Structures are given as structure tokens and as C-alpha cells.
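J.: Questions regarding the structure given below will be posed in turn.
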Amino acid sequence: NGHYRTYIDNVLYKISGENYLRVDLFLSILNNYFNTGKLNEAADFLQNNIQIVMPLHRKNMLALCNALIDFEKNDFSSSLKNAALIKSNTGLYKDVLKVLILKNYYELKMTDLAAETSMNYRKSLEKNDKLTSANREILQNFVRYFRFLLKFNPGSSDEIKSIKRELLSKNSAEQKWLLRKFEELEGIY
Numbered sequence: 027n028g029h030y031r032t033y034i035d036n037v038l039y040k041i042s043g044e045n046y047l048r049v050d051l052f053l054s055i056l057n058n059y060f061n062t063g064k065l066n067e068a069a070d071f072l073q074n075n076i077q078i079v080m081p082l083h084r085k086n087m088l089a090l091c092n093a094l095i096d097f098e099k100n101d102f103s104s105s106l107k108n109a110a111l112i113k114s115n116t117g118l119y120k121d122v123l124k125v126l127i128l129k130n131y132y133e134l135k136m137t138d139l140a141a142e143t144s145m146n147y148r149k150s151l152e153k154n155d156k157l158t159s160a161n162r163e164i165l166q167n168f169v170r171y172f173r174f175l176l177k178f179n180p181g182s183s184d185e186i187k188s189i190k191r192e193l194l195s196k197n198s199a200e201q202k203w204l205l206r207k208f209e210e211l212e213g214i215y
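Position 137 of the sequence shown, counted from 1, bears residue number 163 in this note's numbering, the numbering being contiguous throughout.
Right, here's the structure in full:
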């Protein structure tokens, strides 16, 4: 995170006269805080740096980042409320938002809504010609394993271990979260 701080403090994000930090980089920095367990620092980063996001995206980015922070704090209802504040379907953060909403539905045990939303998302990924094949595969893998979580029937822990091994061999969005959820199921069964 020190490198990011240097990057921002020295305005190294300016490219060709651009004065704003790219949305994907902003989300990457925030995600780095999550990966290191620094949730308070993530919230501080958001509050101190949201003004360097392009004004057109600032309000939605604030809502999305607050939703992500709330999710990391296990405040799933608040995360979902913040996600609902986003008024744009821009490709810059559409997939991050969709995945976050699905994870919130799962955590809140809203399985019918999670199943319907994941099915619709899967169909939209198939039709989305703006995604690279690599990104499409990563997101489709997330949906596939997410749907495994929703449909999982009590069985042997061997079945869960097999799914976990398969998941580890694939590129998937939110792989750590999926593995954690399968491990929770493994502890139950």
C-alpha cells in the first residue's frame, strides 16, 4: 500500500493530461487493502481519494466502494443498500457490482434471488461481446461455482473436496471467497 500512496501523492496516475485516477486502479488499490485485512485503511483511502476519480463516476464509485467495504466488514445488508445506490450500468464496474450483489444474496440467505440473478448474469456474460475471452471465462467460472454453492445438497465431504480441487485449477473471480464458502460447507457436512 505504500507504493500506491507514493503513486497518488506524486500524482503519477496522470497520463496524457488526464487528471483522474482510473476506476479499475482505484478498485485495485481498495482490493489490496482488503487482501491485507486493512479495512479501516480502505475506508480512509476511499474518503481521502474519492475526489481524484472522474466526477462522472464519483458518486457511483463512492457507493460501490462503500458496498465493498461493508461486505468485507460482514455488514451484508448495508453492502446491498449501498450497491442499490448505483445508478449506472457502466462496464467500468458492472461485473464487480454483479458479483458483489450475488455474494450478498448468498450471505443473506436470499437463495431464490441469488439463483435467479446468477442465471441472468450467466446469460448476459454469454452475450457480452465487450469482454475478453479471459475475463468472460473468469466470470463464468465464478457463476458456475456460485451456483454449485446454491444447489449444494448435503453429501460427503469428498464431494466438496473434489469441487474445491477443481476450483483451484480454474481462474475464477472471487476464488478465495468461493473456497471459504465451500470450506464452511465442508465443516457442516
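In this text, a Cβ means the ideal position worked out from N, Cα and C, and glycines have one as well. On a predicted model such as this, the values are computed, not experimentally measured, just so you know.
1. Going by beta-carbon coordinates alone, are F208 and K196 separated by less than 8 Å?
2. I need the DSSP call for L111, collapsed to helix, strand or coil.
3. Alpha carbons only, please: which of S183, N61, G117, V125 is nearest the one belonging to R48?
4. Suppose contacts are defined by Cβ-Cβ distances below 8 Å. Is V169 in contact with R148 by that definition?
5. In the structure shown, what three-state DSSP assignment does L47 receive?
6. Does A140 pass the burial test, meaning 16 or more other C-beta atoms within 10 Å, or should it be called exposed?
7. In the DSSP output, what is V79 paired with across the bridge?
8. Whole-angstrom Cβ separation of I76 and L88, contact assumed at under 8 Å?
T.: For this structure:
1. no
2. coil
3. G117
4. yes
5. strand
6. buried
7. L47
8. 5 Å
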